[in-house]
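Reading through the structure tokens given below for one structure.
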Ligand SMILES: C[S@@+](CC[C@H](N)C(=O)[O-])C[C@H]1O[C@@H](n2cnc3c(N)ncnc32)[C@H](O)[C@@H]1O
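Residue numbers (the working numbering): 1 to 343.
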């Protein structure tokens with residue numbers, strides 16, 4: 001059934017794909033596309049492992065971050081908006097119905113403040129990032145060196161499973177805060193946790209899952225390569241005075257073998273949440289070879305790299321559950337949680 005898109009730029013902006021159909025139809029299209037891709041790539045995949053797509057509690061006004069191009073045109077006017085897909089054309093944006101209301105309300109002020117800053121610094125173009133936390137405070141950056149840096153008193157935050165988690169303009173953070181609790185609850189509900197468990201939060205960012213699930217584990221070990229995210233992870237650990245949680249700065253494929261050998265004999269549960277490109281072959285090799293990890297959760301924002309990686313993991317891991325989560329309603333994107341157990 002066709003519905004009227006909320007956004008006047010729908011069809012040209014390229015950010016949303018499904019504003020013109022009902023949410024039920026969007027969910028079933030996404031669910032089928034994931035099932036077709038994974039069953040087509042992973043030989044022998046049991047169709048019973050697929051679970052229904054978990055809808056987003058918020059269908060519009062959910063994104064806590066917008067990235068906008070800001071530039072001066074030939075006539076000297078300042079333009080602020082999105083680059084149209086596969087073009088060099090800038091579409092001016094005054095409202096984005098998938099961005100949080102606080103961000104939309106802030107856009108006129110953002111244009112004003114960015115203009116003042118760009119003129120003062122003699123910039124002609126910039127990539128602006130504007131973000132908001134659960135408490136509704138908006139901040140932006142992108143003009144000038146270190147303009148995305150924030151002081152701790154200005155960090156954004158969200159509370160997941162009773163624990164406040166801080167993030168900043170210069171760190172990765174999940175775009176849809178409304179669905180994060182459901183993912184953390186699904187991971188926590190598995191029967192894999194024991195009082196002795198070491199939880200490995202790999203590609204941890206600011207420590208969202210390591211912190212939200214810290215009470216389930218005797219020890220939490222996070223690995224994250226981004227300097228700014230590690231800084232926030234340390235802030236989060238210190239804020240909650242969690243002495244059993246540690247973060248290591250570096251690449252999973254480099255640090256994991258050594259960390260696992262130090263944890264030999266311990267009961268480990270790992271969450272991997274890599275960037276869109278998925279896992280390096282050496283990381284897959286480590287996960288396949290390490291008997292210490294008895295349960296693995298793979299959270300992925302790219303069905304394509306997920307299907308490739310699962311095809312390489314499936315001879316050592318049993319794919320037990322595949323649970324899609326609609327982190328990005330109205331867009332073509334889909335997040336997937338896969339629960340794996342040792343074969
Ligand atoms: C999809 S994000 C997930 C972050 C976190 N789990 C969360 O939900 O907020 C991926 C994170 O992996 C980090 N990263 C990218 N490549 C990495 C690597 N090779 N080793 C460790 N971390 C990496 C990025 O900086 C980013 O913070």
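C-beta atoms are modelled at their ideal positions from N, C-alpha and C, and glycine is treated no differently. Since this is a predicted model, take the numbers as computed values, not measurements.
A heavy atom of ligand 1 is found nearer than 7 Å to the CB of residue 203. Distances from the CB of residue 259 to the heavy atoms of ligand 1 are all 7 Å or more. Listed in chain order, the non-local C-beta contacts of residue 169 below 7 Å within the same chain comprise 129, 131, 139, 141, 148 and 150, local neighbours out to five positions each way being set aside. Out of 303, 78, 97 and 282, the CA that lies nearest to the CA of residue 90 is found in 78.
CA-CA distance, residue 103 to residue 155, rounds to 16 Å. Residue 310 has its alpha-carbon roughly 10 Å from the corresponding atom of residue 318. Counting of Cβ neighbours within 10 angstroms places residue 290 among the buried residues, the total reaching 16 or more.
Its chain contains 207, 211, 245, 246 and 247 as the residues whose beta carbon lies nearer than 8 Å to that of residue 237, once the 5 sequence neighbours on both sides are disregarded; these appear in chain order.
Residue 6 sits close to residue 19, with the two beta carbons spaced by under 8 Å. Under the 10 Å beta carbon count, residue 230 is surrounded by 16 or more other beta carbons and is classified as buried. For the pair residue 2 and residue 144, the Cα-to-Cα distance works out to about 44 Å. In the DSSP assignment, residue 111 falls within the unbroken alpha helix (DSSP H) covering 101 to 121.
If you draw a 10 Å sphere on the C-beta of residue 86, you find fewer than 16 other C-beta atoms in it, and that means exposed.
With fewer than 16 neighbouring CB atoms inside 10 Å of its own CB, residue 261 falls in the exposed class.
Just measuring C-alpha positions, the residue of 301, 195 and 61 sitting nearest residue 333 is 301. Judged by DSSP in its simplified three-state form, residue 183 adopts helix.
When C-beta atoms of the region 171 to 186 are compared with those of the region 48 to 58, three or more pairs fall below 8 Å, so the two segments count as touching. If you ignore the 5 residues before and after residue 22, its C-beta comes within less than 7 Å of the C-beta of 1 and 3, all in its own chain and listed in chain order. Take residue 45, set aside five residues on each side of it, and the residues of its chain with a beta-carbon closer than 7 Å to its own are 38, 39 and 319, in chain order. Between residue 15 and residue 82, the C-beta spacing is below 8 Å. Taking 3 residues as the minimum length, the beta strand (DSSP E) runs contained wholly in the region 149 to 233 are 156 to 160, 163 to 167, 198 to 202 and 219 to 224, in order along the chain. The three-state reading of DSSP puts residue 236 in helix, counting H, G and I together.
Pairing residue 31 with residue 338, the inter-Cα distance amounts to about 14 Å.
Annotated three-state conformation of residue 145 is coil, per DSSP. When DSSP reads this structure, residue 82 sits in a beta bridge with 91. The Cβ atoms of residue 295 and residue 252 lie no closer than 8 Å to each other.
Under the three-state reduction of DSSP output, residue 132 falls in the strand class.
Relative to ligand 1, residue 287 has its C-beta separated by 7 Å or more from all heavy atoms. Rounded to whole angstroms, the Cβ separation of residue 224 and residue 249 is 7 Å, and the two are in contact under 8 Å.
With fewer than 16 neighbouring CB atoms inside 10 Å of its own CB, residue 119 falls in the exposed class. In this structure residue 68 is buried. Its beta-carbon is surrounded by 16 or more other beta-carbon atoms within 10 angstroms.
Look at residue 29 here: in three-state DSSP terms it is helix. The alpha carbon of residue 305 has as its nearest neighbour, out of 326, 124, 273 and 76, the alpha carbon of 273. With contacts defined by Cβ atoms closer than 8 Å, residue 198 and residue 217 form a contacting pair.
Within the model, the alpha-carbon separation for residue 127 versus residue 194 is close to 46 Å.
At least one heavy atom of ligand 1 falls within 7 Å of the beta-carbon of residue 173.
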